[in-house]
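Residue numbers (my numbering): -15 to 498.
Contents: one structure, followed by commentary.
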Amino acid sequence: MANSEYEYVKREFEFDRRLPASNWIVVRIDGCHFHRFSKIHAFEKPNDENALRLMNACATSMLEKFPDIVFAYGVSDEYSFVFREGTEFYQRRESKILSLCVSYFTSMYVMKWKDFFPNKDLKEPPYFDGRVVCYPNMKTIHDYLAWRQVDCHINNHYNTCFWMLVKSGKTEKEAQQTLKGTFSKDKNELLSQQFQVNYEDELAMFRKGSSVYRDKVETKVKTDDYGNPIKRIRLAITVSNLDIIGPEFWEKHQYILREEKCRYEYVKKFDDIRRLPCCNWIVVRISTCQFDQFSLIHSFDKPNDETALSLMNASASFMMEQFPDIIFCYGFSNEYSFVFQENTELYQRNERLLLSSCSSCFTSFYMMKWKEYFPGKELVQPPKFEAEVLCYPKPKIVCDYLSWRQAECHNRNQYNTCFWMLVKSGEDENKANEILKGTLSKDKNELLFQRFQMNYNNEPAMFRKGSCTYRQKVGTFAEVKVSGDVARDGWDVAVSHVDMGPDFWRKHICIFDK
């Protein structure tokens, strides 16, 4: 971390929320604007089997990636992931767990899209919001899952009837009116009498949702001296579409959850909604998880890969287009900070929804634009981004936060530039670290100049200063109204690589203008 006068913005304003110990953690992911997304991509109604199997494949990947997830349950565009009670995943830090889960799930969704829709291109990036809920015991976890499966049945039963009516010629309003006030038996009669459909014959995946867990399976591990197979019980990730409300499933799989009978609606009270304080500027900072490994696998140039940075900038520009309440972004290397306007009511300032949707949307666009920036490189490993939310009460402190990040950019880049020049000149990495240990900025400048005839200040500004993304005025246009034409300012998203000192903010005073 850069040792600068701006570091107080971290000490005094960043908060590290850890989820309570001895609680089962559930992360529930839900598609953002999936009504529109499913319409744009022509999903079948009431259920698109390929879309559901894609969700299941993403959930399977989640269990493969995160061993502490012991059970997952999904329906439609939603998935719940249950972490084991004693998990210490990211020291139980809520923002890390939530952002990583939605980001990795989104990554896999985009990466696996063509496996399930080979003839359909993604027309817009999918993204998900999420929330974290803690449950104190097995009983409430079991009831939570029962609640979600009951919800699956109720919604699917209604949607099956609704779309059968619409496909038979009724308007959507007429179908809604027909189903108003009906009970389960009424819907079964409607399907049977009008459409000769037995609801119980519908695919179990539609009616009961999908459960993903590690099941005990007998596996051949070797053969003995006589050629007879030697088998062992192993855990294998399984997707099933079974009843998880009743006791049978849990009695058979007691190693996952213990069964206890009780009601399930009360579990909603555990879903504590945290709203960020009003009249504060919200900053969401996103950074790539395990970036050193990711950049090594994809052969990024060292110390800076210009194409990778341009992809990050393009993703930040898209975020500004997607979320009009973002007024400014600053990024370098593998991180980006997004500043929301002071009085934003996006997601009613719900911390979890803000954090998860930003993390997911950024991931989705990064994935979709990869081929545009790296046409000759396959995406070998899906990227995943962690995020955290910060609140600052004054523009001055927001500016100091951004100055702190820019100071960090300078310190990291100057060090990395020296480090990789030394390594490329033949020094091993340990030796390079030893040479740079304890050096100051002027020492690094001298090293670059004397050993490599390099002036650090001639390096591209994007490497030294990072990237600022913001809206700038591009002219005016006439908006036609009944009362006559009204002049409106036109704005466009700009990316620049400049010092964020007082002169910058004086020149761009409109950024913080309410």
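Glycine included, each C-beta is placed from N, C-alpha and C at the ideal position.
Values in this document were obtained by computation on a predicted structure and should not be read as measured data.
Go ahead and label residue i buried or exposed: buried means 16 or more other beta carbons lie within 10 angstroms of its beta carbon, across all protein chains shown.
| i | result |
| --- | --- |
| G58 | buried |
| K245 | Note that K245 has pLDDT 45, beneath the 50 cutoff, so the model's placement of it is unreliable and no number is given. |
| T90 | buried |
| N414 | exposed |
| D127 | buried |
| V382 | buried |
| Y210 | exposed |
| N40 | buried |
| D208 | exposed |
| Y111 | buried |
| Y63 | buried |
| I229 | buried |
| D61 | buried |
| R191 | buried |
| H394 | buried |
| N297 | buried |
| R(-5) | exposed |
| K215 | exposed |
| E335 | buried |
| P359 | exposed |
| G422 | exposed |
| I493 | exposed |
Of all the options the options, which has the alpha carbon lying nearest to the alpha carbon of residue i?
| i | options | result |
| --- | --- | --- |
| G410 | D52, R435, S317 and D127 | R435 |
| V54 | F(-3), K157, Q365 and V10 | V10 |
| T453 | K355, K171 and M304 | M304 |
| Y440 | N397, K415 and N417 | N397 |
| C263 | P359, Q332, I228 and R216 | Q332 |
| R94 | I240, D52, A35 and F65 | Arg is not the amino acid found at residue 94; the sequence shown has Val there. Considering only alpha carbons, the answer is A35. |
| M405 | K380, E392, Q437 and N395 | Q437 |
| P444 | T291, E335, V267 and F488 | T291 |
| L280 | S(-12), K361, T347 and R12 | K361 |
| T124 | V66, Q180 and T347 | V66 |
| E28 | G193, F(-3), T162 and W147 | W147 |
| R132 | Q390, D185 and I13 | I13 |
| A130 | G193, L260, F284 and L424 | G193 |
| S168 | N139, Q161, Q365 and L187 | N139 |
| V181 | T162, M189, K164 and H141 | H141 |
| R218 | C145, T203, I266 and L226 | T203 |
| T328 | N143, P261 and N442 | P261 |
Can you list, in chain order, the residues of its chain whose CB lies under 7 Å from that of residue i, leaving out five sequence neighbours each side?
| i | result |
| --- | --- |
| D483 | K449 |
| V150 | E156 and A159 |
| E243 | Here the model assigns E243 a pLDDT of 40, short of 50, so the residue's position is not dependable, and the following value carries that caveat. Only H126, P231, W234 and E235 meet the Cβ criterion. |
| Q306 | C345 |
| K80 | Y74 and E370 |
| R68 | D52 and V54 |
| A43 | A56, G58, Y63 and V196 |
| Q365 | F278 and I281 |
Quick one: residues in its chain with C-beta nearer than 6 Å to the C-beta of residue i, no 5 flanking neighbours on either side, listed in chain order?
| i | result |
| --- | --- |
| S176 | none |
| P120 | N7 |
| N566 | Residue coverage of the chain in this structure runs from -15 to 498, which leaves residue 566 outside it and unanswerable. |
For residue i, which residues from the same chain have a beta carbon less than 8 Å from its beta carbon, with the 5 sequence-adjacent residues on both sides left out?
| i | result |
| --- | --- |
| D108 | According to the sequence as given, residue 108 is Glu; it is not Asp. F21 and I24, listed in sequence order. |
| N417 | F403 |
| W489 | C383, I495 and F496 |
### Any 3 or more C-beta pairs closer than 8 Å across the segment 423 to 437 and the segment 363 to 376
no
### Message
At 4 residues or longer, what runs of the alpha helix (DSSP H) sit wholly inside the segment 371 to 450?
### Response
379 to 408, 413 to 420, 425 to 436 and 445 to 449
### Message
With a threshold of 8 Å, are at least 3 pairs of Cβ atoms found where one atom belongs to the segment 274 to 284 and the other to the segment 379 to 399?
### Response
Short answer: they don't touch.
### the segment 193 to 203 / the segment 216 to 226 touching (three or more Cβ pairs under 8 Å)
Result yes; three or more Cβ-Cβ pairs closer than 8 Å.
#### Entry: At least three beta-carbon pairs within less than 8 Å, the segment 37 to 48 to the segment 66 to 74
no
### Message
I'd like to know if the segment 352 to 367 and the segment 291 to 304 are in contact, where contact means that at least 3 CB-CB pairs between them fall below 8 Å.
### Response
yes
### Query
Would you say the segment 90 to 99 touches the segment 334 to 342, given that touching needs at least three Cβ pairs under 8 Å?
The segment 90 to 99 makes no contact with the segment 334 to 342; the number of CB pairs closer than 8 Å stays below 3.
### the segment 1 to 8 contacting the segment 112 to 121, beta-carbon criterion three pairs below 8 Å
yes
### Query
Which whole runs of the alpha helix (DSSP H) in the segment 89 to 166 are 4 residues long or more, in chain order?
122 to 151 and 156 to 163
### Task
For the segment 22 to 86, list the alpha helix (DSSP H) runs that are entirely contained and at least 4 residues long, ordered along the chain.
33 to 49
### Message
Which runs of the alpha helix (DSSP H) at least 4 residues long sit entirely within the segment 260 to 289? Give them in chain order.
### Response
275 to 281
### Message
Suppose only complete runs of 3+ residues qualify. What are the beta strand (DSSP E) ranges in the segment 157 to 228, listed by chain order?
### Response
DSSP assignment within the segment 157 to 228 yields the following whole beta strand (DSSP E) runs of 3 residues or more, N-terminal first: 194 to 207 and 213 to 224.
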